[in-house]
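Student: Encoded as structure tokens, here's the structure I'll be asking about.
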Amino acid sequence: MIGTIALAIGVVLGLILEPTVPVWLQPYLPIAVVAALDAVFGGIRARLDGIFDSKVFVVSFVSNVLVAALVVFLGDKLGVGGQLSTGVVVVLGVRIFGNAAAIRRHLFRA
Amino acid sequence: MRGEHARGGDRSLPRRLLAATRGRTTRHRPRLGAMSTSLLDSLLTDHLDHGYAEAAERKAERAAEGRTGTDYADARTLLAIGLLLVGFVLAAAYRGTAQQAPDSERARQGLVKDVEQGTAASDALQRRAESLGGQLVRERDAALTAGETGDKVSKQVRDLERAAALVPVHGPGISVQLGDAAPTQQIDPATGKSLTVPPDDNGRLRDRDLQSVVNALWAAGAEAIAINDERLAPTTTIRAAGEAILVDLRPVASPYTIKAVGDPDVLLPRFADSVAARRYQSLSSVFGISFTVQREGDLALRAATGTDLRYAEPLDTTPPPAGSAAPRSAPAGSGGGPAGTPARPTRPGRGGGR
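Taken in sequence, the protein lines are chains A and D. Residues 0 to 109 in numbering that gives the first Met the number 0 are what the first sequence spells out, letter by letter. Residues 0 to 353 in numbering that gives the first Met the number 0 are what the second sequence spells out, letter by letter.
Below you can see the structure in the form of structure tokens.
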């Protein structure tokens, strides 16, 4: 409950404050979004598994975003930024789908 | 962590991870065979952060030891902060993308609007110039018809004006329709969608095509010609600027309608017999450009635009005779320029003019 409210407040804040994303940060924004989605799906699955822990959730979210951004940043410096961000998206996408499948099994028993 | 290590004793971290994950994933673990690497294996099976299992295990250990779990208020605050961050990132990303994507489109729309406004303003000014020109002609005729010589001069002026395309004309004539080849529909081999392919260079009309048709019309005896309602004056240029064709600096686009006022009975056969007409007749069958000529009962052509009067000036070598064209002296007290410089007479009521 409190999580839903916090999520809604976060979305509203993000829409109202109109944060201008600096240009140098813009390549990492999609990565950050995918990492955030991964953390959210992981959290929901852990909740359904009954092993949810808010500290793990927050730390995994923040570190996912930071590490994903760092990997892409390093890739940019090495000239393989596009490929690395594709890799990050693929890995996180596989995780998201896996977690979504687990959530589906939990909810629908199918 | 450190405390647990001390307490956990012989249970190393990897072993505990294995123990925590084994129970959950064995049923769905795909058999990848001996070739599978542990990296791929974990990528395809371990979707959940191991931290959750660890934390659950820690909690269970603590519960077994009889201690209370984590502080609930603390956990909720953390969760709220985390989800707040998540929502913020999602919304910021949405805003960033929404702002970024239509930027180019918005710039294009702005430019299109600017062009439309500029064209509208230019058209309004043109209409105003035409009405003022008509007024000027009436005033001049009224002034000239006073005397016998005036009539002659007036007629001469009118003939010259018609030759210079300064007055609108109407009458019978012919119109020539000339257009680029139609775009062709092709199937894109990559996507399978049908594509509209613009005509290649052979099917596109250039400025010299319009020039040759216009020259043929003049040669056939046309009295007045307009391309897409842009009247051609003796000094009008038809030229190319990149892909566009400019008629006196105003762009015209395909299809081009060239209207020529003149006796159709003379104009039509003569033009049809011209080299240019025959060439475009054959080009239209080869490259698909459209080319039709037809007789018109009554064509109305506007006056030409942008005809500035240009005249030669004699080189000013001798000083002007005193009294005739001498510059009027500026009113006293206005400072004035050096002697001999033509000073513009300052009017008392400045402003009010456009």
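Cβ atoms here follow ideal geometry from the backbone N, Cα and C, with glycine treated the same way. None of the values given here were measured: they were computed from a predicted structure.
With 7 Å as the limit, tell me which residues of the segment 45 to 68 of chain D have their beta carbon closer than that to any beta carbon of chain A; keep them in chain order.
Tutor: H46, L47, D48, G50, Y51, A52, A54 and A55
Student: Out of A240/D, A180/D and I226/D, point me to the one whose CA is closest to D200/D's CA.
Tutor: A180/D
Student: Does DSSP put D48/A in a helix, a strand or coil?
Tutor: helix
Student: Please state the DSSP three-state secondary structure of S253/D.
Tutor: coil
Student: For E138/D and Q98/D, what's the separation of their Cα atoms in angstroms?
Tutor: 58 Å
Student: Going by DSSP, what residues sit across from S174/D in a beta bridge?
Tutor: K258/D and Q293/D
Student: With a CB to CB cut of under 8 Å and the five nearest residues on each side skipped, what residues in its chain are close to Q131/A?
Tutor: Absent from the model: residue 131/A. The displayed extent of chain A is 0 to 109, so no value can be given.
Student: Going along chain C, which residues have a C-beta under 8 Å from S59/A?
Tutor: The structure shown contains no chain C; its protein chains are A and D.
Student: Does F56/A have its Cβ less than 9 Å from a Cβ in chain D?
Tutor: yes
Student: Please go through the same chain and pick out, in chain order, the residues whose beta-carbon is closer than 8 Å to the beta-carbon of R26/D, but skip the five residues on each side of it.
Tutor: Per-residue confidence for R26/D stands at a pLDDT of 48, beneath the threshold of 50, marking its modelled position as unreliable; the derived number appears in the next sentence. Excluding sequence neighbours, R26/D sits near nothing in its chain.
Student: Whole-angstrom Cβ separation of Q125/D and S289/D, contact assumed at under 8 Å?
Tutor: With 8 Å as the limit, Q125/D and S289/D do not qualify as a contact, their Cβ atoms being about 29 Å apart.
Student: Would you mind sorting I4/A into buried or exposed? The rule is 16 or more other CB atoms within 10 Å of its CB.
Tutor: exposed
Student: Measure the beta-carbon distance from V70/A to V87/A and round it to whole angstroms, keeping in mind my assumption that it falls under 8 Å.
Tutor: The pair is a contact, with the Cβ atoms about 6 Å apart (cut-off 8 Å).
Student: Kindly confirm or deny that the segment 272 to 284 of chain D and the segment 227 to 240 of chain D touch, where touching means at least three C-beta pairs closer than 8 Å.
Tutor: Between the segment 272 to 284 of chain D and the segment 227 to 240 of chain D, the count of Cβ pairs shorter than 8 Å is below three; the stretches do not touch.
Student: Which residues in the same chain as A101/A place their Cβ atom closer than 6 Å to its Cβ, once the five residues preceding and following it in sequence are excluded?
Tutor: R44
Student: Locate the alpha helix (DSSP H) running through Q108/D, then write down its first and last residues.
Tutor: D102 to L143
Student: Between which two residues does the alpha helix (DSSP H) harbouring V71/A extend?
Tutor: Judged by DSSP secondary structure, V71/A falls within the alpha helix (DSSP H) whose first and last residues are S53 to L77.
Student: Report the CB separation of G9/A from V85/D in whole angstroms; it is logged as a contact under 8 Å.
Tutor: The C-beta distance from G9/A to V85/D rounds to 6 Å, short enough to fall under 8 Å.
Student: Just to confirm, is the Cβ distance from R301/D to P171/D under 9 Å?
Tutor: no
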